[in-house]
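Report on the structure given below.
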Amino acid sequence: MAECLFCRIVAKEIPSKVVYEDKQVLAFHDINPAAPVHVLIVPKQHRTSLLDVTPDDQAVLGHLQLVAGQLARELGLEERGFRLVSNCGEEGGQTIGHLHFHLLGGRTLQWPPG
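Be aware that the sequence shown starts at 451, since it is given in this note's numbering, and climbs by one per residue.
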């Protein structure tokens with residue numbers, strides 16, 4: 451998916467401030483942060499959203515969650531808390547058509563979010 455922004459970041463065609471990478475996942479700082487800590491966690495294999503996943507994606511979805519917890523600890527969010535969110539579709543606030551999770555923290559987050 452050469453036209454997908456996150457696929458291009460995964461392919462290193464577009465620079466990013468990477469905080470974690472393995473063979474399944476890339477995590478990097480959001481260029482437009484909504485909190486003092488705002489990291490995007492993306493699977494390297496393109497999926498448009500959670501509505502695009504299949505049972506074959508179960509392992510990578512679990513891995514994304516484990517990476518999120520690890521990063522929350524590493525980025526100092528463990529004690530005060532954080533939010534992990536995945537937006538789906540236009541009304542859900544998804545602006546990039548590649549499945550991703552936002553790891554947000556470093557300030558009190560409001561509810562409802564939007």
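We treat Cβ as the ideally placed atom computed from N, Cα and C, and that holds for glycine.
What you are looking at is a predicted structure, and each value in this text was computed from that prediction instead of being measured.
Assumed close pair residue i, residue j - CB separation to whole angstroms, cut-off 8 Å
i: Ala477; j: Val469; result: 5 Å
i: Ala522; j: Glu529; result: Rounded, the Cβ-Cβ distance is 10 Å, inconsistent with contact.
i: Val510; j: Leu553; result: Between Leu553 and Val510 the Cβ distance is about 16 Å, and since that is not below 8 Å, they are no contact.
Residue of the options minimising C-alpha distance to residue i
i: Arg458; options: Leu559, Leu554, Gly556 and Gly547; result: Gly547
i: Phe551; options: Pro465, Ser466 and Gly519; result: Gly519
i: Pro483; options: Asp472, Lys467 and Glu541; result: Lys467
i: Thr558; options: Leu455, Ala461, Pro465 and Ala485; result: Ala485
i: Met517; options: Pro562, Ser536, Val492 and Thr545; result: The residue asked about is misnamed: residue 517 is Val in this sequence, not Met. Measuring from the Cα of Val517, the nearest candidate turns out to be Val492.
i: Cys538; options: Ile481, Ser499, Gln515 and Lys494; result: Ser499
Collapsed DSSP secondary structure at residue i in the structure displayed
i: Leu549; result: coil
i: Glu471; result: strand
i: Gly555; result: strand
i: Arg399; result: Outside the displayed span of the chain (451 to 564) sits residue 399, for which this structure offers no information.
i: Pro483; result: coil
i: Pro505; result: helix
Host beta strand (DSSP E) of residue i (start-end)
i: His488; result: Val487 to Pro493
i: Leu534; result: Phe532 to Val535
Host alpha helix (DSSP H) of residue i (start-end)
i: Ala477; result: Run containing Ala477: none in the alpha helix (DSSP H); it sits in the beta strand (DSSP E), Val475 to His479.
i: Leu521; result: Gln508 to Glu524
i: Cys457; result: Leu455 to Val460
Close beta carbons around residue i, own chain, < 7 Å, minus the five adjacent residues each side
i: Asp507; result: Arg497
i: His513; result: Gln474 and Val475
Other residues of its chain near residue i: CB distance less than 8 Å, five sequence neighbours each side excluded
i: Val503; result: Arg497, Leu511 and Leu549
i: Glu471; result: Ala477
Close-in-space but distant-in-sequence residues of the same chain around residue i (CB under 6 Å, 5 per side omitted)
i: Gly556; result: Ala485, Pro486 and Val487
i: Arg533; result: Leu554 and Leu559
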